[in-house]
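Chemist:
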Amino acid sequence: MPTTAGNEIAPVVDAAHAAPFATADDYREAIARMREAAAAYYAGEDIVMDDATYDALFARVSASEAAHPEWAVADSPTEVVAAGGGVAGDVVHSTPMLSLANVFDSDELRQWAARLEKVIGRPVAGFTVEPKIDGMAIAARYVDGALVQVATRGDGTAGEDVTAQARAVAGLPGRLTRPVTVEVRGEVFMTDDDFARANELRVAHGGAPFANPRNAAAGTLRAQDRAYLAPLSFLAYAVHDLPDGEGLTHSAAMAAIAELGVTTTAQSPAGMPRCATADELVDAVTSLGALRGKLGFDIDGAVIKADAPADRDAAGSSSRAPRWATAFKFPADTRTSTLTAIEVQVGRTGVITPVAVIAPVQVGGVVVTSATLHNFDDLVRRDVRVGDTVFVRRAGEVIPEITGAKLDERAADSVAFTPPEHCPRCGGEIDRSQKRWRCTQGRACGATESLAYFAARDSMDIEGLGDKVIRALVAAGMVTDPADLYDLDVAAVAQLERLGATSAAKLIANIEGSKTQPMSRVLTGLGVRMTGRSMSRRLARHFGTMGELTGASVEQLQEVEGVGPERAATIAAELRELAPIIDKLAARGVNLVEPGVIPASERAAAAAAESGSTAEAAGGGARLPLRNEDGTPMTVVVTGSVPGLSRNEGNEAVERLGGKSSGSVSKKTQLVVVGDGAGSKAAKAEELGIRIMPADRFAALLAAHDAGDQPSLAAF
Ligand code: IVH
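In this text, residue positions in the sequence shown follow full-length UniProt numbering: the first is 1, and each later residue adds one.
#1: Could you have a look at residue 409 and say whether DSSP puts it in helix, strand or coil?
#2: So, for residue 655: in the same chain, excluding its five sequence neighbours on each side, which residues have a beta-carbon less than 7 Å away from its beta-carbon?
#3: How far does the alpha helix (DSSP H) with residue 798 in it extend, from its first residue to its last?
#4: Can you tell me the Cα-Cα spacing of residue 621 and residue 597, whole angstroms?
#5: When you measure from the CB of residue 303 to every non-hydrogen atom of the ligand IVH, does any distance come out below 8 Å?
#6: Do residue 238 and the ligand IVH come close, with the Cβ less than 8 Å from some heavy atom?
#7: How many Å lie between residue 111 and residue 361 at the Cα?
#8: Once DSSP output is grouped into helix, strand and coil, what is the label at residue 559?
#9: Helix or strand or just coil, what does DSSP make of residue 172?
#10: Do you know offhand how far residue 223's Cα is from residue 200's?
#11: Does the pairing of the segment 350–370 with the segment 90–97 give three or more beta-carbon distances under 8 Å?
#12: Measuring alpha carbon to alpha carbon, tell me which residue in 308, 680, 34 is nearest residue 665.
#13: At a cut-off of 8 Å, is residue 137 close to the ligand IVH when judged by its beta-carbon and the heavy atoms of the ligand?
#14: Roughly how many angstroms lie between the CA atoms of residue 268 and residue 299, to the nearest whole one?
#15: Given that a residue counts as buried once 16 or more other Cβ atoms are within 10 Å of its Cβ, and exposed if not, what is residue 495?
#16: Within its chain, find whatever has a CB closer than 7 Å to the CB of residue 653; leave out the 5 residues flanking it on each side and keep chain order.
#17: Does the contact criterion of 3 or more C-beta pairs under 8 Å hold for the segment 164–182 versus the segment 281–296?
#18: Is the closest heavy atom of the ligand IVH to the C-beta of residue 49 under 8 Å?
#19: Output yes or no for whether 9 Å exceeds the beta carbon distance between residue 156 and residue 138.
#20: Using only the alpha-carbon positions, how far apart do residue 712 and residue 694 sit?
#21: Roughly how many angstroms lie between the CA atoms of residue 604 and residue 629, to the nearest whole one?
#22: Would you please state the rounded distance, in angstroms, between the beta carbons of residue 514 and residue 460? I believe it to be under 8 Å.
#23: Report, in whole angstroms, the separation of the C-beta atoms of residue 124 and residue 116, which I expect to be a contact under 8 Å.
#24: Can you grab the Cα-Cα spacing for the pair residue 266 / residue 238, in whole Å?
#25: Tell me the rounded alpha-carbon separation between residue 18 and residue 59.
#26: Expressed to the nearest angstrom, what Euclidean distance is found between the alpha-carbon atoms of residue 20 and residue 56?
#27: Within 10 angstroms of its Cβ, does residue 481 collect 16 or more other Cβ (buried), or is it exposed?
#28: By DSSP's criteria, residue 345 is part of a beta bridge. Which residues make up the other side?
#29: Should residue 571 be counted as a contact of the ligand IVH given a C-beta to heavy atom distance under 8 Å?
#30: Thinking C-alpha only, which one of 308, 206, 270 is nearest residue 127?
#31: Just to check my reading of the structure: residue 642 and residue 669 have Cβ atoms closer than 8 Å, yes? What is that Cβ distance to the nearest angstrom?
#32: At the level of alpha carbons, what is the spacing between residue 448 and residue 484?
#33: State the start and end residues of the unbroken beta strand (DSSP E) segment that holds residue 300.
#34: Return the chain-ordered list of same chain residues with a C-beta closer than 6 Å to the C-beta of residue 339, the five sequence neighbours on each side being excluded.
#35: From residue 667 to residue 673, what does the alpha carbon distance come to, in whole angstroms?
#36: How long is the line joining the alpha carbons of residue 77 and residue 35, rounded to whole angstroms?
Structure, rendered in structure tokens:
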């Protein structure tokens, strides 16, 4: 059975560059594997091959047929719908239920649009873009407004009768608003919420949970006798024999069946935008991709269709798929990998969660190495074990999750996971009354660590707030989170053991003084996962204010150098969790602004008003001495000590002055700041002819900048 599990990163489809198979045997073997996978897929059985692998094989089979026409088998999956697969029932379809051709990126989409124009010999009158729902295709026949027959797609020619089960499907009414005879086609699927509920019910009845919503929908639709009901939904994407439907555009036909009471893809939150050009198509598909993960149900792409019936007639169909439509496939959102470990994490609020560590795998265009297992109930219910081949799902911008294990591939000696008895961080009791387990210490569990991090020299630099004092403050119940520090007063602190009135007064003054630290240090101190000092500075310099940062979308976060999709999703989730503490800090007067930085939104507005300005590239907006003429940051290395600055502060200063700090000297380095104790880096800079600046002059440049002057590098 094919699987993408293992230590390699699974291949991503590149249909345009797929390699033909080396031998006719390999080609035939691939077709056999595809048939097996397609048969399971259309029967709604457990996935034997994930989508991306199927698409990759499809592309290689196509490439092989182009290179070696003599190999081609008559019923290749490239020619017929669901070759060898599908449960061909006894309901013969009025017209075959076809498949769709695929494109995988915007270039291929543009090529498809250009080809269609060529085929019909004139510009396409308009396109529609709608979600490609990952469910089961059905055809529903209404006679005089009554639902009389529902059939699955089967092998495309004939399908199984699922009328009885389909009567309970939301969006597919038993009676239309008018007594019309018509056939509606579309997708039956399960929403994410219904999937979670269906699995709970299923397990409560002693069954194994479904691996994913698609399987759940297929299984439920085809089940004859169920001791429980799992809700299904329907969205129509086509209509046949609509009275007076002749000559209607696709969008008008969808509106007409919506009026009859059937829910259509145009009514999903994604809508069905109309596009006139390839550029508009690319935009619409990109917007739909950004919505994926927020729709509440699985989609695996966008379907693009010529809207006008004249264009469709002119384009026609092959035996497999219409030429007037194509599917833009999003990167697979579910793949398989090997679960190498289950770690137990304790969050800031004391929530204890199991986290999966997996062999690297590309999901949704991102390499994923860890994924959430949600909660211990879920983990025990799904019985996911170390060593299992697991399904990893990453829908859009959400954090990847493990949705289940392939039980048939489980090693005989695998061991079930044992949830922790005590909080793994503080050893305290666990509150198991809710799905999300919590350390009974709540925020106080781990408070010592997080407060120490907040007070550290590279964060808020609060002198006098060492480990001992922090432990005493936490033990006395005086602080549980960093914002509580700003509520302390001298009298209260002076009561702590071993802390006299003078030290208490000093400590309170230092805490008070830390309120003016730049936003980047507050951010560092909050310990956002997947960020450290330098990433915190980059975020602060990009957004300028904490408000802009916390309000940024996952997409906007990715505008920051070094922030990819996985990191962006984590940062966004972390900031959501930290929101109450950030609000508390703001209410206590802690500075949440990065000095000298124009907030991202103002920069964007200025850039829009005066397009072509370098404000965007300049990042901070103000004129900064360590910027190149084109506004990009100079690459600067600080070696040896700069008077008054720690190593971290030296790097921080480079960034404050508009540069990018680097640890090693190379040809790309533009400036090397040399202080006492500098070693080989200074010599290398000289060798490479890179400008060298003595540390005291760098300190003077920084002082001038911090005083509000706009010093130029040349003057130093
Ligand atoms: S149109 C003749 N629209 O994708 C064209 N199909 O891979 C019929 N699908 O068999 C298909 N969402 O089961 C169309 N909005 C949508 C769709 C959609 C999901 C499924 C459908 C089809 C398969 C092709």
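Glycine included, every Cβ here is placed at the ideal spot set by N, Cα and C.
In this text the structure is predicted, and so the values were computed from the model without any measurement.
Modeler: Here's the rundown:
#1: helix
#2: 537, 541, 661
#3: As displayed, the chain neither begins before 1 nor continues past 716, which places residue 798 out of reach and without an answer.
#4: For residue 621, the pLDDT reaches just 48, beneath the cut-off of 50, and the residue's location in the model is therefore unreliable, although a value from the coordinates is still provided. Approximately 6 Å, taken between the alpha carbons.
#5: Result yes, Cβ under 8 Å from the ligand IVH.
#6: Under cutoff, so the answer is yes.
#7: 30 Å
#8: coil
#9: When secondary structure is reduced to three states using DSSP, residue 172 falls in the coil class, being assigned neither helix nor strand.
#10: 17 Å
#11: no
#12: 680
#13: Yes, since a heavy atom of the ligand IVH falls inside the 8 Å radius drawn around the Cβ of residue 137.
#14: The alpha-carbon separation between residue 268 and residue 299 amounts to approximately 11 Å.
#15: exposed
#16: 645, 702
#17: no
#18: no
#19: no
#20: Cα to Cα, the separation comes out at about 16 Å.
#21: If I take the Cα positions, the gap works out to 20 Å.
#22: 4 Å
#23: 6 Å
#24: 11 Å
#25: 6 Å
#26: 11 Å
#27: buried
#28: 353
#29: no
#30: 308
#31: For a cut-off of 8 Å, the C-beta gap from residue 642 to residue 669 is around 17 Å, too long to register as a contact.
#32: 13 Å
#33: 299–306
#34: 356, 358, 386, 388, 390
#35: 15 Å
#36: 8 Å
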